[in-house]
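Visitor: After the structure tokens below, expect a handful of questions from me.
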Amino acid sequence: MTRSAIASNASPAASDTGLPMTSLRYSMSSTIPLPRAVSCPGPGGPSARQRTHPVRIVACSMALLSPFTMAALRAAWAAGEVHRAFFGRLTRVDYKGRNDPVTEADRAAEAAIVRTIQQAYPDHGVLGEEGGRQGDGPYTWLVDPLDGTFNYANAIPHFASSIALEHEGRLVAGVVMHTILGEAYVAEADRGAFAATLRDLPAHVSGWGDLSLWRRLRARRTARLDQATLSTGFPGNVAETRLNLDHFTNLLLAAAKIRAMGSAALSLAAIALGQMDGFWELGTNGWDFAAGALLVAEAGGRATDFRGRRLDTSGHQILATNGLIHDEVLSVLARGQSGLDEDAGPRPQ
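Heads up: the sequence shown begins at 71 in my numbering, then just goes up one per residue.
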């Protein structure tokens with residue numbers, strides 16, 4: 071069937087979040103040549119005489135990823151090409167602060183992401199880790215072009231691109247792509263979280279929109295903190311600020327295991343994948359955790375600040391869990407000192 075065969079009512083109907091409805095119905099025009107018959111095996115199996123039956127196709131429907139998510143996937147793929155080109159071949163590593171590296175791959179990957187997004191949505195704002203804010207408006211993309219730069223700079227194959235879209239303060243779409251593992255994790259508000267192995271998808275990103283190609287994610291059901299595996303991260307200036315050391319000690323004694331993976335986006339994705347039970351971090355930024363936080367929420371988990379308040383992408387702390395251990399982790403965090411001004415005072419819900 072050619073593109074011209076899709077009737078005009080095939081356009082996605084928008085929901086109040088700006089995302090298309092879950093199902094799109096494609097109607098076949100009566101002028102399209104349709105197969106008049108199909109062959110099917112008889113009761114004797116493939117070797118039996120084949121018979122033909124007339125067929126009339128009325129309509130078909132499929133669940134599709136939103137145009138927002140597809141744009142983010144294209145951008146993440148473009149960033150991944152940059153990651154692969156520079157991985158293990160860096161000639162220079164700069165530092166924004168102590169233990170806070172930035173590489174030529176960070177900058178080139180962000181440029182590729184921003185270019186892809188602006189081609190699709192020129193009226194949207196972009197807030198990137200390396201380039202700051204570009205544009206304004208009700209839609210803002212939060213971009214970490216290379217989450218896990220320290221890993222990347224040391225040829226440790228655990229890093230990702232993280233891209234999220236926020237509409238008037240609400241996260242509506244997010245993509246995390248694990249470049250070396252070759253996996254993509256996507257989430258859409260009120261529709262769920264999904265994962266796919268890239269080698270199992272069509273060769274071109276334009277063919278990735280069919281949700282039947284993706285598997286739905288669910289956070290695992292660990293119900294006790296002393297049986298839970300958590301992960302965390304430390305800011306580059308931890309030696310001066312002591313940020314997170316208090317919480318780390320308290321949670322190390324309360325949880326079963328703690329890991330530090332070096333990528334907030336992938337640590338959050340691990341909760342949605344059912345590999346970990348929780349993640350907390352201080353001194354982080356919205357572009358680090360926005361996409362991953364939506365993955366966790368849409369996989370049945372919970373993401374808040376350290377006081378259980380609504381997560382703010384302009385803030386600098388996140389607690390994300392499978393939901394079942396969330397209050398228990400909050401109680402442990404309450405015993406420690408975070409050292410951030412945003413800890414004080416209520417936040418509107």
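Even for Gly, the Cβ is constructed at its ideal location relative to N, Cα and C.
Quick caveat: nothing in here was measured; it's all calculated off a predicted structure.
According to the Cβ coordinates, are Ala390 and Asp358 closer than 9 Å?
Guide: Within the sequence shown, residue 390 is the residue found at index 320, counting from 1. Within the sequence shown, residue 358 is the residue found at index 288, counting from 1. Not closer than 9 Å, so no.
Visitor: Does DSSP put Ala118 in a helix, a strand or coil?
Guide: In the sequence shown, the residue the question calls residue 118 occupies position 48. Per-residue confidence for Ala118 stands at a pLDDT of 41, beneath the threshold of 50, marking its modelled position as unreliable; the derived number appears in the next sentence. Reduced to three states, the DSSP call for Ala118 is coil.
Visitor: Distance check for Ala340 and Ala182, CA to CA, integer angstroms please.
Guide: Looking up residue 182 in the sequence shown gives position 112. Looking up residue 340 in the sequence shown gives position 270. In a straight line, the C-alpha of Ala182 is about 26 Å away from that of Ala340.
Visitor: Find out if the Cβ-Cβ distance for the pair Leu287, Ala263 is shorter than 9 Å.
Guide: Taking the sequence shown and counting its residues from 1, one reaches residue 287 at position 217. Taking the sequence shown and counting its residues from 1, one reaches residue 263 at position 193. Going by C-beta atoms, Leu287 is nearer than 9 Å to Ala263.
Visitor: Can you tell me which of His248, Ala133, Ala178 puts its alpha carbon nearest to the alpha carbon of Ala361?
Guide: Here residue 361 refers to the residue found at position 291 of the sequence shown. Nearest option by C-alpha distance: His248.
Visitor: My parser needs the alpha helix (DSSP H) runs of 4 or more residues fully inside the stretch 263-335; what are they?
Guide: 308-311, 315-324
Visitor: With distances taken from CA atoms, which of Leu323, Met140, Arg405 is nearest Glu258?
Guide: Position 188 of the sequence shown holds residue 258. Out of Leu323, Met140, Arg405, Met140 has the C-alpha closest to the C-alpha of Glu258.
Visitor: Is the beta carbon of Ala324 closer than 9 Å to that of Ser301?
Guide: Sequence index remark: in the sequence shown, residue 301 carries index 231 (1-based). Sequence index remark: in the sequence shown, residue 324 carries index 254 (1-based). For Ser301 and Ala324, no; Cβs fall outside 9 Å.
Visitor: In this structure, how does DSSP classify Pro227 when only helix, strand and coil are distinguished?
Guide: Looking up residue 227 in the sequence shown gives position 157. DSSP places Pro227 in coil when its eight states are reduced to three.
Visitor: Taking the CB atoms as reference points, tell me whether Leu216 and Gly356 lie closer together than 9 Å.
Guide: For this step, residue 216 is matched to residue 146 along the sequence shown. For this step, residue 356 is matched to residue 286 along the sequence shown. No, these two residues do not count as a Cβ contact at 9 Å.
Visitor: Taking all protein chains shown into account, decide if Tyr255 is buried (16 or more other Cβ within 10 angstroms of its Cβ) or exposed.
Guide: Numbered from its first residue, the sequence shown carries residue 255 at position 185. Buried: at least 16 other Cβ atoms inside 10 Å.
Visitor: Which stretch, first to last residue, makes up the beta strand (DSSP E) that contains Ala243?
Guide: As a first step, residue 243 is located in the sequence shown; it is residue number 173 there, counting from the start. Element bounds for Ala243: 240-248.
Visitor: With a threshold of 8 Å, are at least 3 pairs of Cβ atoms found where one atom belongs to the stretch 232-240 and the other to the stretch 202-214?
Guide: yes
Visitor: Measure the alpha-carbon distance for Ala369 versus Ala363 and round it to whole angstroms.
Guide: Counting from 1 along the sequence shown, the entry for residue 369 is found at position 299. Counting from 1 along the sequence shown, the entry for residue 363 is found at position 293. The straight-line gap from Cα to Cα measures roughly 10 Å.
Visitor: Do you know offhand how far Gly202's Cα is from Arg261's?
Guide: As a first step, residue 202 must be located in the sequence shown, where it is residue number 132. As a first step, residue 261 must be located in the sequence shown, where it is residue number 191. Distance between the alpha carbons of Gly202 and Arg261 is about 30 Å.
Visitor: Alpha carbon to alpha carbon, how far is Asp164 from Asp170? Give it in angstroms, no decimals.
Guide: As a first step, residue 170 is located in the sequence shown; it is residue number 100 there, counting from the start. As a first step, residue 164 is located in the sequence shown; it is residue number 94 there, counting from the start. C-alpha separation (whole angstroms): 9 Å.
Visitor: Would you say the stretch 395-404 touches the stretch 341-350, given that touching needs at least three Cβ pairs under 8 Å?
Guide: Below 8 Å, enough C-beta pairs join the stretch 395-404 and the stretch 341-350 to call them touching: three or more.
Visitor: What is the C-beta distance between Leu321 and Leu338, in whole angstroms, given that I count them as a contact (C-beta under 8 Å)?
Guide: Against the sequence shown, residue 321 aligns to sequence position 251. Against the sequence shown, residue 338 aligns to sequence position 268. Not really, about 17 Å apart at Cβ, beyond 8 Å.
Visitor: Distance, Cα to Cα, Thr87 vs Leu283?
Guide: Position 17 of the sequence shown, counted from the first residue, corresponds to residue 87. Position 213 of the sequence shown, counted from the first residue, corresponds to residue 283. Caution applies to Thr87, whose pLDDT of 42 falls short of 50 and renders its modelled position unreliable; the value that the coordinates give is listed next. Going from the Cα of Thr87 to the Cα of Leu283 covers about 24 Å.
Visitor: In its own chain, which residues sit with a C-beta less than 6 Å from the C-beta of Glu199, not counting the 5 before and 5 after it?
Guide: As a working note, residue 199 is residue 129 in the sequence shown. Around Glu199: Asp214, Trp357.
Visitor: Comparing C-alpha positions only, which one of Asp206, Asp176, Arg159, Thr186 sits nearest to Lys166?
Guide: Translated into positions along the sequence shown, residue 166 becomes position 96. When C-alpha distances from Lys166 are compared across Asp206, Asp176, Arg159, Thr186, the shortest belongs to Asp176.
Visitor: Note the first and the last residue of the continuous alpha helix (DSSP H) segment covering Thr186.
Guide: Residue 186 sits at position 116 when you count from the first residue of the sequence shown. Per DSSP, Thr186 belongs to the alpha helix (DSSP H) from 174-190.
Visitor: Which same chain residues end up closer than 6 Å to Pro305 when comparing Cβ atoms and leaving out the 5 residues on each side of it in sequence?
Guide: If you number the sequence shown from 1, residue 305 lands on position 235. Excluding positions up to five away in sequence, the list reads Leu313, Gly353.
Visitor: Helix, strand or coil: how does DSSP classify Leu364 here?
Guide: Sequence index remark: in the sequence shown, residue 364 carries index 294 (1-based). DSSP places Leu364 in the helix class (H, G or I) of the three-state scheme.
Visitor: Just verifying my parser: in three-state terms, what is the DSSP assignment at His194?
Guide: If you number the sequence shown from 1, residue 194 lands on position 124. Here DSSP, grouped into helix, strand and coil, assigns His194 to coil.
Visitor: Please list the segments of the beta strand (DSSP E) lying wholly inside the stretch 371-415, counting only runs of 3 or more residues, in order along the chain.
Guide: 372-374, 387-391
Visitor: Could you spell out the range, first to last residue, of the beta strand (DSSP E) harbouring Ala254?
Guide: Along the sequence shown, read from residue 1 onward, the residue named residue 254 stands at position 184. Its beta strand (DSSP E) spans residues 253-258.
Visitor: Within its chain, find whatever has a CB closer than 8 Å to the CB of Ala190; leave out the 5 residues flanking it on each side and keep chain order.
Guide: Here residue 190 refers to the residue found at position 120 when the sequence shown is read from its first residue. Annotation for Ala190: Pro137, Ala141, Arg144 place their beta carbon closer than 8 Å to its own, counting only its chain and skipping 5 residues before and after.
Visitor: Considering only their Cβ atoms, is the gap separating Ala404 from Arg377 smaller than 9 Å?
Guide: Counting from 1 along the sequence shown, the entry for residue 377 is found at position 307. Counting from 1 along the sequence shown, the entry for residue 404 is found at position 334. Inclusion of Arg377 and Ala404 in the CB contact set at 9 Å is warranted, their separation being smaller than that value.
Visitor: Quick check on this structure: which residue in His228, Ala179, Met132, Ala148 has the alpha carbon closest to the alpha carbon of Val275?
Guide: Reading the sequence shown from its first residue, position 205 is the one you call residue 275. Considering only alpha carbons, the answer is Ala148.
Visitor: Pop quiz: Arg162 and Glu180 are said to be a contact at Cβ under 8 Å. What is the actual Cβ separation, rounded to whole angstroms?
Guide: As a position in the sequence shown, residue 162 is number 92, starting the count at 1. As a position in the sequence shown, residue 180 is number 110, starting the count at 1. Wrong, their Cβ atoms sit about 16 Å apart, outside the cutoff.
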